[in-house]
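Participant: Attaching a single structure in structure tokens format; questions to follow.
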Amino acid sequence: MEPEPDPHPHPRAPHDPHHPAHGRDESEEERADRRWTDLLQEVRVTQTGVQILFGFLLTVVFTPRFATLTATDRTIYVVTVLLGAATTGALIGPVTFHRFVTGRHIKPETVIWASRLTIVGVVLLLATVTSALLLILRIAINDSAVPWIVAGLVVWFTLCWFVLPAWARHHYGTKKGQPDA
19 MEPEPDPHPH PRAPHDPHHP AHGRDESEEE RADRRWTDLL QEVRVTQTGV
69 QILFGFLLTV VFTPRFATLT ATDRTIYVVT VLLGAATTGA LIGPVTFHRF
119 VTGRHIKPET VIWASRLTIV GVVLLLATVT SALLLILRIA INDSAVPWIV
169 AGLVVWFTLC WFVLPAWARH HYGTKKGQPD A
């Protein structure tokens with residue numbers, strides 16, 4: 019017995035990557051637009067946190083307590099500020115990248131490069147937060163447990179920011195024949 023033909027056949031052939039069986043019904047340009055919008059939302063979230071942290075770090079040097087820091091704490095502070103600056107650069111990079119290439123019809127490539135800059139920014143953010151925590155906890159509790167506390171938090175951030183997403187990507191993967199979202 020033959021199956022009944024679909025009374026509303028889709029205008030695209032099943033081998034067409036835009037066919038609904040392959041996920042979203044969107045062109046490469048539509049997919050790039052969607053991914054760009056998603057990426058911008060992610061960058062906005064991380065950028066806000068980085069800007070607050072970096073702004074705070076910039077003011078520390080002007081406080082009376084700064085003069086009392088040890089040479090080690092000053093070094094940690096300088097490293098933290100530099101990491102904060104690098105993080106800011108990496109997370110603003112996707113926006114300026116997009117601005118420079120707008121109208122060149124390379125949105126899919128722009129999304130790839132902007133995504134890479136965002137990942138670099140998040141790695142730098144991990145380093146910045148680690149360094150800031152080390153400095154703050156050294157001053158606040160001056161205890162030999164500080165490196166262990168900071169290491170524990172680094173493990174936690176690494177799990178949340180990198181390991182869990184990597185596991186989910188591997189575990190759930192992409193459906194057969196479907197492009198990566």
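Residue numbers (our numbering): 19 to 199. All C-beta atoms in this analysis are idealised placements derived from N, C-alpha and C, irrespective of residue type, glycine included.
Three-state secondary structure (DSSP) at V79?
Facilitator: Position 61 of the sequence shown, counting from 1, holds the residue named residue 79. Note: V79 maps to coil in three-state DSSP.
Participant: For a test of the three-state rule: what should DSSP assign to E44, helix, strand or coil?
Facilitator: As a position in the sequence shown, residue 44 is number 26, starting the count at 1. Correct three-state label for E44: coil.
Participant: So for T146, helix, strand or coil by DSSP?
Facilitator: In the sequence shown, counting from the first residue as 1, residue 146 sits at position 128. Here T146 sits in helix by DSSP.
Participant: In its own chain, which residues sit with a C-beta less than 6 Å from the C-beta of T66, not counting the 5 before and 5 after it?
Facilitator: Position 48 of the sequence shown holds residue 66. Contacts found: none.
Participant: Could you work out which residue in L58, V173, T136, L152 is closest to V164 when comparing CA atoms only?
Facilitator: Within the sequence shown, the letter at position 146 stands for residue 164. Of the listed residues, the one whose Cα sits closest to V164 is L152.
Participant: In this structure, how does DSSP classify I159 when only helix, strand and coil are distinguished?
Facilitator: Residue 159 sits at position 141 when you count from the first residue of the sequence shown. Of the three classes helix, strand and coil, the one that applies to I159 here is coil, per DSSP.
Participant: Anyone know if the C-beta pair for L135 and G111 falls short of 8 Å?
Facilitator: Here the question's residue 135 lines up with position 117 in the sequence shown. Here the question's residue 111 lines up with position 93 in the sequence shown. In contact: L135 and G111 (Cβ atoms closer than 8 Å).
Participant: Terminal residues of the continuous alpha helix (DSSP H) containing T93?
Facilitator: The count along the sequence shown starts at 1 and reaches residue 93 at position 75. Its alpha helix (DSSP H) spans residues 89-119.
Participant: Could you check the C-alpha separation between L76 and D91 for me, to the nearest Å?
Facilitator: As a position in the sequence shown, residue 76 is number 58, starting the count at 1. As a position in the sequence shown, residue 91 is number 73, starting the count at 1. Roughly 15 Å between the two C-alpha positions.
Participant: Can D51 be considered in contact with the ligand GTP, in the sense that its beta carbon sits closer than 7 Å to one or more heavy atoms?
Facilitator: Here there are no bound small molecules, and the ligand GTP is not part of this structure.
Participant: Going straight from the alpha carbon of S162 to that of L171, what length do you get?
Facilitator: Working through the sequence shown from its first residue, we reach residue 162 at position 144. Working through the sequence shown from its first residue, we reach residue 171 at position 153. Using only the alpha carbons, I get a separation of about 16 Å.
Participant: Quick one: what does DSSP say G67 is sitting in, helix, strand or coil?
Facilitator: Position 49 of the sequence shown, counted from the start, is the residue given in the question as residue 67. In this structure, G67 counts as helix in the three-state DSSP scheme.
Participant: Quick check on the burial criterion: 16 or more other C-beta atoms within 10 angstroms. Buried or exposed for G121?
Facilitator: In the sequence shown, residue 121 corresponds to position 103, counting from 1. Looking at its Cβ environment, which holds fewer than 16 other Cβ atoms inside 10 Å, G121 is exposed.
Participant: Is the beta carbon of F94 less than 8 Å from the beta carbon of S45?
Facilitator: Within the sequence shown, numbered from 1, the residue matching residue 94 stands at position 76. Within the sequence shown, numbered from 1, the residue matching residue 45 stands at position 27. Correcting the residue identity first, residue 94 is Ile in this sequence and not Phe. No, they are not a contact pair.
Participant: State the DSSP-derived secondary structure class of R122, mapped to helix, strand or coil.
Facilitator: Counting from one through the sequence shown, the residue named residue 122 turns up at place 104. Coil.
Participant: For a quick check, are the C-beta atoms of V138 and A108 less than 8 Å apart?
Facilitator: As a working mapping, residue 138 is identified with position 120 in the sequence shown. As a working mapping, residue 108 is identified with position 90 in the sequence shown. Yes. Within cutoff.
Participant: Note down the Cα distance separating L100 from T106, rounded to an integer number of angstroms.
Facilitator: Stepping through the sequence shown from its first residue, residue 100 is reached at position 82. Stepping through the sequence shown from its first residue, residue 106 is reached at position 88. Cα to Cα, L100 sits roughly 10 Å from T106.
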